[in-house]
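Presented below is the structure to which this report refers.
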Amino acid sequence: MRWSRYFWYTSKEDPADTEAPSHKLLIKGGFIKQVSAGVYEFTPPGVRVLRKIENVVRKEMDRSGAQEVLLTVLNPAELWKETGRWELYGRELFTLKDRNGRDYCLGPTHEEEITDLVRSFVNSYRQLPLILYQIQTKFRDEKRPRFGLIRGREFIMKDAYSFDADEFSAMMSYETMKFAYDRVFKKLRLKTLMVEASVGAIGGISSHEFVVLTDYGEARVAYCESCGYAANAEVVKLSKPQEEKEEERPLEQVETPSTDTIEKLSNFLGVPPRKILKAVLYIVDGLTPVMFIIRGDRNVDENKVSMVLGTENFRLAEDQELWELLRTKKGFIGPFNLNSSIKVYWDNSTYGVKNAVIAFNKPDYHYVNANPGRDFQYGEFVDVCQVEEGDPCPKCGASLRVSRGLEVGHIFLLGTRYSEPMRAYYKDPQGQEKPIIMGCYGIGISRCISAIVEQHNDERGIKWPTSVAPFELDLICVNPTDPQQKEVAEHLYLLSEEMGIETIYDDRDESPGFKFADADLCGFPYRIIVGKKVKEGKVEVQCRQTGEKWDVGIQEAIREVKKRIEEDKK
Ligand code: ATP
Ligand code: MG
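Take any residue in the sequence shown, count from 1 to its spot, add 204: that is its number in this note's numbering.
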């Protein structure tokens, strides 16, 4: 491809409002352009990268026996009503009506539609197992679209679904997908961590996420360097600590004005946060109050709360509700004198505390030196504590590391969550009707572009792994007005095309510095520079990943680059 004729425009300025390096580099490098919040279009080089990722994924899906389908973006509401998700999915669902007033949504995921497809053809155990997949645009009205392709409202996903007759067979499909995912991420040169994930409030049998460790991911992952355990932080179990050994001091009521945060209270009383028991009041399903008590130096993990409550539909009580329900205000909530309708859960972290500070629903007052058994009774213990660095590994007890992670893939053994309500049944060898056991498997194709850039960049730009680079080779003629240089460059361009190398020939009427800067920014794995040395029969070859530079004879240059490309792609 001659760059002078190609629709590719880079920018020398850093784009405004971009935090994540990948977001900045993809825009600056002219791969994507924003249309509205979380909605991006791809330019020709952007599409080249996208197709390469799709093809890596497609190849591994096909290899694992999955078959490609293409479902619709426009999903009729009826299917979503069969599983209850029309109401449950919430505000992320983009909905619309047709001219006759019928409801539709733009598919954010396709369990309903694929189940509908399968139930219309499959009715016997003989037709199972089956894995179907598609690569398609998804729509989710995300609350906080950000970081470019990382969290979009319109994005491209590979979603696969498995259908099996029994749980064992379903587990095999799940394992097959796990291996395929490993191969995909290796080929994409994405270093991922496979972590145990939550099966969610709706239930499921098993779930794993493939996570890239980066500051621009919104998942928190905990991992143990000593035994290899790795999990999404929300599923790491924290148990009760040892009981504290301390003499019990007499209980006191102390006036603590304006101490509405743990920090203020701790400073005011001169008591460390870990000795304060804080209470959090949630309103579940818009009406039921539920209280959680946790140690003052720890935070509540709302994903764990949703597992305890069995719903994601809860929120913190507002000031007015605190007043109506407890006659108190924020910072002064406690498990005392409660109306019996308010359920109280105690986080494991509160166990065995001595001489604690705790509020008792009297604004501007706290108990000091409160002791369990004597001054208050524990109720039901649960684990809703957010995992922190240094917490014990649930497998081996060593200190856990905690990092932010970007989920690029997710596999989920669903069971019969969709097949039951949608009556996707098959007949077993005895002729008995049974629900199909399902699994679903996603890869964020467009998110992978960003993830790859997050892991492969430097201060000058992107360093594409050869397997996904928009072009494998950038051919630069330093001085196109020099007839000899021009002739060599044209010759090498033709030769590279003949050799099947994907080449961008930078024949633009720009300075060498401009072209070199673009080459760094756009991240081509290899570069051939045709400059003054042609007089000695040489050109320079550069490798973006390693920074190596070397001179080669004109005749050998293309062959050498081709060899390196082949090696990279292995
Ligand atoms: P997240 O927790 O990041 O919102 P999710 O659990 O909602 O992800 P899934 O429903 O499992 O995601 O979707 C499968 C894959 O699709 C994810 O692993 C991720 O790579 C990708 N994905 C999900 N939401 C987005 C989005 N808004 N933009 C880009 N990719 C996304
Ligand atoms: Mg999501």
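Every residue gets a Cβ at the ideal spot worked out from N, C-alpha and C, and that includes glycine.
{"Query": "Ile231 to Ile666 span [Cα, whole Å]", "Result": "11 Å"}
{"Query": "Closer than 7 Å: Ala423 CB and nearest the ligand ATP heavy atom", "Result": "yes"}
{"Query": "Buried versus exposed call for Ser430 [16 or more other C-beta atoms within 10 Å across all chains shown]", "Result": "exposed"}
{"Query": "Any non-hydrogen atom of the ligand ATP within 7 Å of Phe359 CB", "Result": "yes"}
{"Query": "Contact belief for Leu442 with Val591 at Cβ below 8 Å, rounded distance in angstroms", "Result": "6 Å"}
{"Query": "With 16 other Cβ atoms within 10 Å as the buried cut-off, status of Gln688", "Result": "exposed"}
{"Query": "Ser650: CB within 7 Å of a non-hydrogen atom of the ligand ATP", "Result": "yes"}
{"Query": "Nonlocal neighbours in the same chain, by C-beta distance under 8 Å from Ser402, ignoring five residues either side", "Result": "Ser411, Asn436, Glu438, Val439, Asn507 and Met511"}
{"Query": "With 16 other Cβ atoms within 10 Å as the buried cut-off, status of Lys256", "Result": "buried"}
{"Query": "Check: Thr287 C-beta below 7 Å from any heavy atom of the ligand ATP", "Result": "no"}
{"Query": "Nearest neighbour of Arg209, chosen from Tyr582, Tyr709 and Gly408 [CA to CA]", "Result": "Tyr709"}
{"Query": "Ala560 to Lys479 span [Cα, whole Å]", "Result": "5 Å"}
{"Query": "Distance cut-off 7 Å: Thr313 Cβ against heavy atoms of the ligand ATP", "Result": "yes"}
{"Query": "Endpoints, the alpha helix (DSSP H) within which Cys726 is located", "Result": "Pro716 to Cys726"}
{"Query": "The region 657-666 touching the region 355-365, judged by at least three CB pairs closer than 8 Å", "Result": "no"}
{"Query": "Euclidean distance between Cα positions of Leu526 and Ile354", "Result": "38 Å"}
{"Query": "Test item: CB-CB of Phe343 and Leu310 under 8 Å", "Result": "yes"}
{"Query": "Simplified DSSP state of Ile466, which is helix, strand or coil", "Result": "helix"}
{"Query": "Environment of Ser215 [buried if 16+ CB atoms lie within 10 Å]", "Result": "exposed"}
{"Query": "Any non-hydrogen atom of the ligand ATP within 7 Å of Gly356 CB", "Result": "yes"}
{"Query": "Per DSSP, the bridge partner or partners of Tyr645", "Result": "Ala364 and Ile615"}
{"Query": "Beta-carbon gap between Pro729 and Glu676 smaller than 8 Å", "Result": "yes"}
{"Query": "Residue range of the unbroken alpha helix (DSSP H) whose run includes Pro248", "Result": "Pro248 to Arg267"}
{"Query": "Minimum length 4: unbroken alpha helix (DSSP H) runs contained in the region 213-239", "Result": "225-232"}
{"Query": "Proximal residues to Pro669 (C-beta, below 8 Å), its chain only, five neighbours per side dropped", "Result": "Leu392, Arg393, Ile656, His660, Pro729, Gln749 and Asp772"}
{"Query": "Range of the contiguous beta strand (DSSP E) that encloses His660", "Result": "Careful: His660 lies outside any beta strand (DSSP E) and carries neither H nor E."}
{"Query": "Proximity test, Glu346 beta-carbon vs the ligand ATP heavy atom, cut-off 7 Å", "Result": "yes"}
{"Query": "C-beta atoms of Arg387 and Glu264 nearer than 8 Å", "Result": "yes"}
{"Query": "Local Cβ density within 10 Å of Tyr213, reported as buried at 16 or more and exposed below that", "Result": "exposed"}
{"Query": "Glu706 versus Leu679, Ala723 and Phe720, residue with shortest Cα-Cα distance", "Result": "Leu679"}
{"Query": "8 Å Cβ shell around Cys652 - same chain, five flanking residues per side excluded", "Result": "Ile257, Leu392, Leu394 and Val612"}
{"Query": "Pick from Lys390, Ile769, Leu275 and Gly735 that is closest to Cys747, judged by C-alpha positions", "Result": "Ile769"}
{"Query": "Run of the alpha helix (DSSP H) containing Met375, from where it starts to where it stops", "Result": "Glu371 to Lys391"}
{"Query": "Cβ distance (whole Å) where Phe367 is taken to contact Val326 below 8 Å", "Result": "7 Å"}
{"Query": "C-alpha gap between Ile641 and Arg252, whole angstroms", "Result": "37 Å"}
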